[in-house]
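Line by line, the protein sequences give chains A, B, C and D. According to numbering that gives the first Met the number 0, the first sequence is numbered sequentially starting from 0. According to numbering that gives the first Met the number 0, the second sequence is numbered sequentially starting from 0. According to numbering that gives the first Met the number 0, the third sequence is numbered sequentially starting from 0. According to numbering that gives the first Met the number 0, the fourth sequence is numbered sequentially starting from 0. One structure below.
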Amino acid sequence: MSSIDRRDFLKLVGAGGVGTGAGFVLRESINHPVEQLIPYPVPPEEFSPGIATYYNSVCSMCSAGCGITVRTREGRAKKIEGNPAHPVSQGRLCAHGQAGLQVLYNPDRLTGPMSRSVEGGELLPVTWEEGISQLAGRLGDLRANGQGNSVCFLSEGVRGHLAGLFELFMDQLGSNRLLHYDFAHPQTLYAAINRLFGEANLPYYDLQNTRFLLSFGADYLGNWISPVHHGLGFGRSRDGRDGVRGRFVQIEPRMSLSGAAADEWVPANPGTEGILALGLAHHIVNEGGYERGDRDAWVASLEAYSPAAVAEQTGVSADTIIRLAETFAGTQPSLAIGGGAAGQHSNGVDTLVAVNALNYLVGNLGREGGLVFNPPPAVGSGANGAQATYTSMLEIAEDARQGDIQVLILNQTNPAFTLPAAAEFRQAIAEVPLVVSLSSFMDETTAMADLILPSHTYLEAWGDDFPEPGVGFSAGAVSQPVVSPLYNTRATGDIIIGLAQALGLTDAFPWSNMEERLQEGWREIHARGVTAAEADDFEDFWTGVVKAGVWGETSRRVRPLAVESGVIESIGVESPEFSGSSAEYPFILHPYLSNTLDDGRGANLPWMQELPDPMTSVVYGSWVELNPTTAGELGLVEGDLVEVESPEGTVVAPVFVYPAIMPNVIAMPIGQGHTNYGRYASDRGVNPIEILSPQVEPETGDLAWAATRVRLVPTGQRVEIVKTGGVSRELGREIIQTVDAEPSAGESAGLSSIPVTVVHS
Amino acid sequence: MSFIDNFLARWQEYREPGYYKEFDYAWTMTIDLDRCTGCEACVTACQAENNIPIVGERGLAQGREMQWMRIERYWEGEYPDIKLGFIPMLCQHCDAAPCETVCPVSATYHNQDGLNAQVYNRCIGTRSCAVYCPYEVRYFNYNNHHWDAPLDEQLNPDVSVREKGVMEKCTFCIQRIRQAKDTAKDEERRVGDGDVQPACVQTCPAEALVFGDRNDPQSQVSQSMNDPRAYHVLEEVNTAPSVVYLKKVETDAG
Amino acid sequence: MQGEREISYADVNRDVVRSLVETGSKYYITLGISATVTLLCFFFPWFYQLHYGIGAAGMNQPTVWGTYLASFIFWIGLSHSGTLLSCVLHLTNSEWRKAMYRSAEAMTLFSLLVAATMVMVHVGRPWFVHWAVPYPNQMEMWPNFRSPLMFDVMAITTYLTGSSIFIYMGSIPDFAAVRDRTTGWRHHMYVLLSLGWRGTDTEWHRLGWAYTFLAVLIIPLAVSVHSIVSWDFALSVVPALHQTIFAPYFVVGAIYSGTAGIVTVMYFLRKYMNFEHYITKLHFDNLGKLLLVLSLIWTYINAVELFTGWYSETSFEIEALRYKLFGFYAPLYWEMILFCAVAPLLLISKRFRTSFVPMLILSIAINIGMYTERFLIVATSLSRQYLPDSWRVYVPSFVEISILVGSLAMFITLFLIFVKIFPSVSIYEVKETLPEPEPKPQTKAGVPEWQPTR
Amino acid sequence: MNVSLVPTLKALKPAALVVGAAFVGLVFGYWANATLFPGPAQGTAYAPEQPINFSHKIHAGDYEINCQYCHTQARRSASAGVPSVSKCAGCHQLVVPERPQIRMVLDYWENGEPIPWVKVHDLPDFVHFPHKRHVAAGVECQTCHGPVETMDVVSRQAPDQMGLCLTCHKEHQVEFGTDCLTCHK
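As structure tokens, then:
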């Protein structure tokens, strides 16, 4: 080996050095970061790492009040499931309920109290003490000068002891302005039931045991009253019983989820559902062999509703009417339900009275598979007690403009979003000197608040719930916190109690927190004695209820098969009135609650935004549904942007050609179009509520939100509707196979090849 | 020589495709289309249970949905006499699965419980399984997905979060099956009927979904499999699926 | 008889060696450009894709395969030009092969290399791609030998090995020849490459024997390679892919595009490496005839494919067919028919076959058409599978297109480097076609003229 | 004619040397990093520094405290768990509270802070390893964790690699022990 001169040597050293560095870096690059093991300072008793713990609670994503079981690991909520013991959900849960986790863990939650120091200024963080004292001080002054009534409390629909707490608080303040406001609250149905049967609460519609269901516009599987429970009923009625298969008919201008599930979908002109119902009644009373004492009265009041006359009004053929009437009367037990858009016309209450009267005519009252009347809830007056109607909201707005309202407290309700622009509620709120919001999220209304006292989500707080309508007997459930609070928030009840104490109302509010209040309340329930969870000692009873997540009274209620006097004479349905002339505004706007976003409260949950709409598979956005023929006439195809123009305003949304909607109707989902509701909801889609005309149902004063006429103005622009579905036609591929009738169980197995292992040798 | 013997032994295994003479458990699901209401509770339940990412509007616009269980909808007829049918579509756990033969690295295979297993950390992302799957139920991670804090607190620790370039699909909630087996083993018994339910079955409000072991003739799923309405979607492809559908009953309402 | 003008052994040596040593600025410019394009259009987008995930491409839920796979098949197909053709012609002792086979084989090599890179681009986690290779490991995991993709890995590696040995062996005498005429680093390089070739009778004898042996070996291999590639598709149950015709279809298509590729390369070699005397009308004429035959076979198989779909009478196949012919991608389909089935009919005329520029244009058109075919195979079938509600159209993203361009540039770059290292025209085989000259006493270099000893 | 390799090899020697040096350097660098800074990457003999010099030798070895006295979860749950600070304090408020290291533990205890132990055995997230099952099957902790009772500073003895699990599973003919889904989630 010849000697290496200096340059070569340097070369070698350089090369070696570079190599070394490279090798070092290589090893470094495959090294992964150091992880740590963090022990608990003190081990918690209730759970141990690596093992799931389950807590029972109550879902409050909608007003149905399903019982839930939450799976937690290491103190974090992982999954919400239905509570098998709870009579409403019976172990099942809807998509919305599942998404409750994203309410808890939502990145856009309000993390602590905030206050506007100066009018129109920035919202700045404050401590709870400051916040409470600021509000309490104001309330104290008003109360002292006897102006307690100038305090207004607007809440979402709450039940149980929290509702009681609100009432007590407002009484103490000396104010009667306590209102629960939900856009979708079935106000007119309550009125109808009340007029027809003199009942304050809704009856229990027993889908599970019925054999024939007529639904007039009620999307009972979508969002009407208690979707999960109806789903259970639907399934069991379908093939829960030997040889009996419940059949379902859906009567509505636009096919809803329930319409798709039904055996028959009958499109009837919007607002004429009641007339159709009376048409059926007419046939049942006259030809249906109806002989009860009040037959003559019926005949008299139904005279005008011969199938022929009805057919020409509703657009449903007379044959169909007679056929449905005969099946309805002939198949026992049968059930007629009405709600949704059908109840939100100028003739809403009359319509629902007519529909429910059908149940009376065929004797479906108080029996299995029919209409079962509920005992009054164990606590509180039921949901309709302090429910706000559109009119009462207008009054509030008016008072606010007059300056009669000094303080407005909002709890989780978002009227700025769920009231039409015509109500000018935003402007009214702006007039109120002190607007306080207890919401957990920065929604449209909360954004206008001067003081924000963010409350816990339902998974962090104590509470209880008594489902309304019940399930035929009185039931209730306690909801317990399943995780420790994430942020510097407080339970709504605790906030109220805290306020009361700050106001010095200690004798009226002797409790230190909501949990105590609940225990005291449940003592009374325990004292009534008649409970499913038998326990002599209250402590056992309480822990039992909290553990089981449910409590129920065994006693059912019997009620004579009768209607209020004078109802029969007064029965009758006017033809609906719509705002705007049919010449100027050719289409009737049929807004419907989105299956995924409900009335918009679900829009900030990414899971709900990503859940394809069942009927159209559209995600993230709004659309306008048109009948294919209508679309053809207007030369519109999917994705064309159109202005939907009502007398009250305009929204722009892309067209979706929807095969199952009446040609003179266009439908839009409610839920999108938030301007201020977190990153997932803001500035996405449009809100059809804004362009609704302030048409009210005269008897209840509720908003007739299905009674707006609109016209379509193509903009010429196109967008690509974001949807997951492709071509929704089978093209003869027999993907969804059908049989004509329920085959008898004796037949041979339908599977030509039961999946067995393929054995190769 | 042990390596050679080893190799030869394995070669024998490979000559026989990855099917079993019989399964230990044969997990099966039946879906009653007459009960299914298309409410999509199952979809969200699955998304919550299995750490299925939030794809975002852009991703969905590009057609990259990830939900392991989806509801397909098929219109029939024209207005006014038109019907809409829903059919939940999820991995059929075929006993003769095309996807299993094609994966070059055996990242997807059939296990002794009749499950069509997907081993995420073995997957190299050729995506051929998705091509071979006639049911379109295999979903590919086109990029790393992100959960805005604190949404990630909800992630299920029993299910791994998949990284970019990995194929994923329905597992019949293997983590729950594993848990049930664990408990059963403690009590020295076999997993009984109803001990384990995937998230979708558990949540279905209409009780349209039934899950169980078809090796056990008493199990609820065996009963409903023998219903005359039972059928397989795309039977002509002959993949022997473990998901059995029950035909929709069509009667005029009278 | 080669070319128009008498050329002597000396000319051959001179011309070929010149093509290696004398490098004009034009060459460097071209090389520079192609290299830069490779970097910008292939590697940068690829690195971005590695970072972001396959999402950088335009693929979506039902259409999970895209242009990457199409390019893969395309390059594999192109590879069938050289080695296979060269072998066939070698065994049939056709004179005209000898001037062109070297560069043709080079094409094989490089298109295979590019194809391999396309695989890396295609898979979701290329950093684990070695799991597809059978080697003992602590995980005790083997690849899935049932998988057609596995077959692919095997077939392609074998083919790559085979054809590289083939081209190298064929070049040894030429390396020796060049070795003796070069100095400096080139000399050293060729010393290593030529493995001490002296040109003795024994050496010639062994070379000839081994060469023929390999040729025989490679032909079935080449055929099997593309059959196997076709099985990636044919073994699936996807409508319009699940077809028995696919193997021959792919093989023919491969040779077809490959031959067209040769024409293109020949043209440029001839023009820019001054091989006018070696690559002549004769070659273009023969290649033209070959192309004509192949295009007819290809067209026939296409027709067969349509009929299988039509006769199947299932909604699936019919829809796939309808979609291919009249659906979203229909324009591409008809473009393919025009380029690959109609245009080649021009080759019937000898005048067309023997005129260079038209041949160049046609050959390029054919390869565009063939690429389209590969793209359509993936796109049309995958976006129209069994469940209509999951149908979705697929459009390539910018990244994909850029990577496609980049892969072409990569091929060109490799080829440009090749022509400076390998004698791109076989010296000794060309000489075989020339008359023996009188032995000259000495050349200026003082080295006796090297002669083929037969 | 010159066909000898010798001049060529001579000419190429410098280049060859450079390449060789670089390669040697590469290997050396990798090895140096691996030995000087053994990280949580695969491989054995990884012994990170802990916030407190807890000696398993003293506790498990000399005083023969049962592993599961502190790692109580091992027999109940998938994760063996680390003892809570209260557990440490429980004894050490009485036992040698004056020693500086113990003092640190008690400080953590009094401030109600957790002790940030550093993971030694760190399985990837896609692996499902239930300690419970293995304890129930009577697998000694030492099988994977090595002779912890002899260690003052715990170091990883077994490489956390798939091969290890498989060998053991095969050896003991674990039911479906080689099914991927047994361990991979």
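Where is the CB? At the ideal position from N, CA and C, for every residue including glycine.
Following the DSSP letters along the chain, one finds C:Met-335 inside the alpha helix (DSSP H) bounded by residues 329–336.
Counting along the chain, the unbroken alpha helix (DSSP H) around D:Arg-132 starts and ends at 130–135. For B:Tyr-230, the closest Cβ of chain C is not nearer than 9 angstroms.
Of the candidates C:Pro-434, C:Arg-269 and C:Ile-261, C:Ile-261 places its Cα closest to the Cα of C:Ser-80. Around A:Leu-220, the beta-carbon contacts reaching into chain B at under 7 angstroms are Thr-36 and Cys-38. When Cβ pairs closer than 8 angstroms are counted between the two stretches, the region 161–171 of chain A is seen not to touch the region 429–446 of chain A, the count staying below three. Interface residue (Cβ-Cβ distance to chain B less than 9 angstroms): A:Ser-28 is not classified as such. About 14 angstroms separates the Cβ atoms of C:Val-222 and C:Ile-296, ruling out a contact at the 8 angstroms cut-off. Between D:Cys-69 and D:Val-81, the C-beta gap is smaller than 9 angstroms, which places the two residues in contact.
Within the model, the alpha-carbon separation for B:Pro-133 versus C:Tyr-385 is close to 6 angstroms. A straight-line Cα-Cα distance of about 11 angstroms links A:Gly-159 and A:Ala-474. Interface flag for A:Asp-241 against chain B is unset, since no Cβ pair is found closer than 9 angstroms. Contact of A:Ile-336 with chain B is not assigned, every C-beta pair being separated by 9 angstroms or more. Taking 9 angstroms as the cut-off, the beta carbon of A:Asp-449 is found closer than this to the beta carbon of A:Arg-115. A residue is called buried when at least 16 other Cβ atoms come within 10 angstroms of its Cβ; B:Glu-167 meets this threshold and is buried. Listed by position along chain D, the residues whose Cβ is nearer than 8 angstroms to that of A:Asp-7 are Pro-13 and Leu-16.
Non-local beta-carbon contacts of A:Asn-358 in its own chain, meaning distances under 7 angstroms to residues more than five positions away in sequence, involve Leu-334, Ala-335, Leu-364, Gly-369 and Leu-370 in chain order. In this structure the region 43–54 of chain C does not lie against the region 78–98 of chain C, because fewer than three pairs of beta carbons, one per stretch, are closer than 8 angstroms. In the DSSP assignment, C:Phe-46 falls within the alpha helix (DSSP H) that extends over 43–51.
If you check the CB distance, A:Ala-63 and A:Gln-343 do not come in under 9 angstroms. Annotated three-state conformation of B:Cys-90 is coil, per DSSP. For A:Leu-11 against D:Ala-20, the beta-carbon gap comes to about 4 angstroms, under 8 angstroms, which counts as contact. Only exposed fits C:Tyr-27, as fewer than 16 other CB atoms lie within 10 angstroms of its CB. Counting C-beta pairs closer than 8 angstroms gives three or more between the region 81–100 of chain B and the region 121–135 of chain B, which meets the contact rule. C:Glu-431 counts as exposed, since fewer than 16 other beta carbons sit within 10 angstroms of its beta carbon.
If you ignore the 5 residues before and after A:Leu-220, its C-beta comes within less than 7 angstroms of the C-beta of Pro-226, His-229, Gly-230, Phe-233, Leu-256, Ser-257 and Ala-260, all in its own chain and listed in chain order. The Cβ atoms of A:Val-738 and B:Arg-228 lie closer than 9 angstroms to each other. DSSP places B:Glu-48 in the uninterrupted alpha helix (DSSP H) bounded by 40–48. The region 111–130 of chain B and the region 93–105 of chain D do not touch, with fewer than three beta-carbon pairs separated by less than 8 angstroms. C:Gln-242: not part of any alpha helix (DSSP H); DSSP gives it neither H nor E. The distance from the Cβ of A:Ala-507 to that of A:Leu-351 is about 39 angstroms, inconsistent with a contact at the 8 angstroms cut-off. Annotation: the continuous alpha helix (DSSP H) that includes D:Thr-181 extends over 179–182. Shown here, A:Met-607 sits in a helix according to DSSP, grouped into three states.
The Cβ atoms of A:Leu-212 and A:Ser-236 sit closer than 9 angstroms to each other.
In this structure, the straight-line span from the alpha carbon of C:Leu-68 to that of C:Val-424 is close to 33 angstroms. Secondary structure of C:Tyr-385 (DSSP, three-state): coil.
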